[in-house]
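Q: Handing you a structure now.
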Amino acid sequence: MKTGMSRAESQAVVETENWKLLGYFNYYRLAIALAAVGIGFLAPVLPPFGERSLDLFRYASLLYAVMATTTWFTIRERHFDFETHAVVSAFADIVLLTILVHASGGLSSGLGMLLIIAVAGASLMQARRITILYAALAAIAVILEHSWDYLTNKDTVAANLVAGYPQVGMLGVGFFATAFLGYTLASRLRATEVLAERRGVDLANLTQLNELIIQRLQLGVLVCDSDGNIRLLNQTAQKFLGLTPLPAKLPALSAVAPDLAVHLFRWLGEGRRLRGRVTVATGAGYQLLPRFLPLGEDTGAGTLMFLEDMAILKQQAQQMKMASLARLTASIAHEIRNPLGAISNAAQLLGEASEQNAEERKLTKIIQDQSRRMNVIVENVTQLSRRDHVNPARFALNPWLQEFAHQYADTIQISRDAFTLAAVNSIEICIDPEQLHQVVSNLCQNALRHSPPFTGTPLIKLETGLTTEQHPYLDVIDWGTGVAPEIVDFIFDPFFTTTPKGTGLGLYIARELCEGNGATLDYHPGEGKVGSRFRVIFSRPEDCLEAETA
């Protein structure tokens, strides 16, 4: 994308326009020459043309026509540079036009005005110094023509010669004035043209920039006419409406998003003053929050719509909540650590004392066990202060699961055969890999806690697939004791646990991490009401690319 015109580009524009002007002026030269040839050979008795010397008039006009024709070819092919063409043509104009004036009886014929046009044409294409030279040459040529008879010792009346000098002088002044005014006008025209060209480039760049910004917005932008026909939409709106790739003919809004069309017509029917914003669904599986704006005072001017993805809005709200909660939990954890450490150290010192009865040792052990449990809770709460930092990445899920299963089995010292995978190779997801590792680790730890000891039969199944809305998902399945129906609604609540040594934060943190990445975590009973199935549904992988390039 250009951001303006350089000096070289400006000069190129000026040179191109000069070549055009040179070509146009040569058409004029060719027309004058052909007219002179026609008069000289077809109408030889037409005064004042050739009145003094018809043969000289014919030869000069014929030479002028040949020169103009040759110049037409050389200009078209650009055999020589612009300066060479302009200088040679200007000199030829002055010389040949002066000869035609002389052959037609001198300045009294009125053909001297053609020299003014020649000087004006040269001044429009040349620099100021050379145009002054052309004016001087034209003035000298006129003086020579007027004094030719006297200089060649022909009979001439001195009084007539002197009487003609004022006309010669006025014509010379006209040459210089024409040269100056022509150059000044040409300079201003060139500057105006370069400025207009620069403004045109800047305007084109601005248009391109605006289009690029609109196309890259995560916000859907859609323009419809008064009949509900789509006229313009950006890439995000195409994705929301399922119009990727974009068809050659844009459909009506009602054909791709009936709910959105109904809401639009309702807004139009109520005088474009509909209060409240309603969530609408599209055929592509998106929940959108539309906002309508009129494009003009006229109701038929069309409507501009901004479409916001509810999933992104919820994710943003969740991240704001997580950021606030993270600051709170970090402060709480920091305040608890110090007294907890003092209690643990005191309990350890009491346990090392030699004079303790059984009751005292029991109480000391309770203090130590509960201190360790509190420390685990503090560690889990500390994780909440780090989950607002999300670094999403797009990657294939199957290889990641294979590596995770091997690492996790080695970490907890269990056979790798305790895990079985049913993964689809082509599935990609968009999530923070470290936070996904923590989520799956919590789910696997929870599954192993409620499963029998490993005896060779897999205890955990990691299964992937796509939902009906084409969202990737991951199921962590176990065949353990499962979750009692009466507590299903509470398992994701913080500090809810069914084991005496549990903290009740594992599933809560796992769901919070999922929501912070635009994913969801839900519980489903196992097949045949045996075991449990925890499903993580991820956002679409293409959303990850938009987040990285935004």
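Quick note: the sequence shown, position 236, residue 1515 per this note's numbering, numbers continuous.
In this text, a Cβ means the ideal position worked out from N, Cα and C, and glycines have one as well.
From a predicted model like this one, the values you see are computed outputs, not experimental measurements.
Tell me the rounded alpha-carbon separation between residue 1573 and residue 1556.
A: Between residue 1573 and residue 1556, the C-alpha separation is close to 16 angstroms.
Q: From what residue to what residue does the beta strand (DSSP E) around residue 1803 run?
A: Residue 1803 -> beta strand (DSSP E) spans 1799-1804.
Q: Please classify residue 1818: is it buried, with 16 or more other beta-carbons within 10 angstroms of its beta-carbon, or exposed?
A: The residue in question, residue 1818, is buried, as its Cβ has 16 or more Cβ neighbours within 10 Å.
Q: Kindly list the residues whose CB is nearer than 8 angstroms to the CB of residue 1339, restricted to its own chain and excluding five residues on each side of it in sequence; keep chain order.
A: Closer than 8 angstroms at Cβ, skipping near neighbours: 1315, 1375, 1378, 1379, 1382.
Q: Pull up the distance between the alpha-carbon of residue 1615 and that of residue 1657, whole angstroms please.
A: About 8 angstroms.
Q: Quick one: what does DSSP say residue 1783 is sitting in, helix, strand or coil?
A: In the structure shown, residue 1783 sits in coil (DSSP, three-state: anything other than H, G, I, E or B).
Q: Would you give the residue range spanned by the beta strand (DSSP E) that residue 1752 belongs to?
A: It spans 1751-1757 - the beta strand (DSSP E) in which residue 1752 sits, taken as one unbroken run.
Q: If we ignore side chains and look at the alpha-carbon of each, how far apart do residue 1826 and residue 1793 end up?
A: Annotation note: pLDDT 46 at residue 1826 (below 50); position unreliable, coordinate value reported separately. Those two C-alpha atoms are separated by around 17 angstroms.
Q: Just to confirm, are residue 1753 and residue 1746 a CB contact at a threshold of 9 angstroms?
A: Cβ distance not < 9 angstroms, so residue 1753 and residue 1746 don't count as in contact.
Q: Going by alpha carbons, who is nearest to residue 1389 out of 1330, 1344, 1305?
A: When only C-alpha atoms are compared, the closest one is 1330.
Q: Count the CB pairs spanning the segment 1440-1457 and the segment 1481-1489 that are closer than 8 angstroms, and state whether there are at least three.
A: No, the segment 1440-1457 does not touch the segment 1481-1489.
Q: Count the CB pairs spanning the segment 1608-1626 and the segment 1576-1587 that are closer than 8 angstroms, and state whether there are at least three.
A: Flag = no, the segment 1608-1626 and the segment 1576-1587 do not touch.
Q: In three-state terms, what does DSSP make of residue 1324?
A: Reduced to three states, the DSSP call for residue 1324 is coil.
Q: Whose C-beta lies closer than 7 angstroms to the C-beta of residue 1425 among residues of the same chain, with five residues either side of it excluded?
A: Within the same chain, residue 1425 has close Cβ partners 1385, 1386, 1443, 1447.
Q: Alpha carbons only, please: which of 1326, 1641, 1723 is nearest the one belonging to residue 1699?
A: Checking every option, the nearest Cα to that of residue 1699 belongs to 1723.
Q: How should residue 1686 be labelled, buried or exposed, when 16 other C-beta atoms within 10 angstroms of its C-beta is the threshold for buried?
A: Result: exposed.
Q: Measuring CA to CA, which of 1705, 1739, 1716 is closest to residue 1694?
A: Closest by alpha carbon: 1739.
Q: How should residue 1474 be labelled, buried or exposed, when 16 other C-beta atoms within 10 angstroms of its C-beta is the threshold for buried?
A: Result: exposed.
Q: Do you know how far the Cα of residue 1477 is from the Cα of residue 1710?
A: Rounded to whole angstroms, residue 1710 to residue 1477 spans 46 angstroms at the Cα level.
Q: Any idea if residue 1449 is buried or exposed, counting beta-carbon neighbours within 10 angstroms, 16 or more meaning buried?
A: Residue 1449 comes out exposed.
Q: Using the beta-carbon count (16 or more within 10 Å), is residue 1613 buried or exposed?
A: With fewer than 16 other Cβ atoms within 10 Å, it is exposed.
Q: Quick check: what's the CA-CA separation for residue 1609 versus residue 1763?
A: Straight-line Cα distance between these residues: approximately 33 angstroms.
Q: Name the DSSP bridge partner or partners of residue 1577?
A: DSSP, once it has assigned bridges, lists no residue as partnering residue 1577.
Q: Report yes or no: do three or more beta-carbon pairs, one from the segment 1518-1537 and one from the segment 1713-1720, lie closer than 8 angstroms?
A: Output reads no: the segment 1713-1720 does not touch the segment 1518-1537.
Q: Name the residue from 1568, 1549, 1768 whose alpha carbon lies nearest to the alpha carbon of residue 1519.
A: Nearest C-alpha to residue 1519: 1568.
Q: Where does residue 1772 sit, in a helix, a strand or coil, going by DSSP?
A: The answer is coil: DSSP assigns residue 1772 none of H, G, I, E or B.
Q: Determine the closest residue to residue 1830 out of 1337, 1300, 1655, 1508, with distance taken between C-alpha atoms.
A: A question about residue 1830 goes unanswered here, because the residues of the chain that appear run from 1280 up to 1829.
Q: From residue 1320 to residue 1332, what distance separates their C-alpha atoms?
A: If I take the Cα positions, the gap works out to 13 angstroms.
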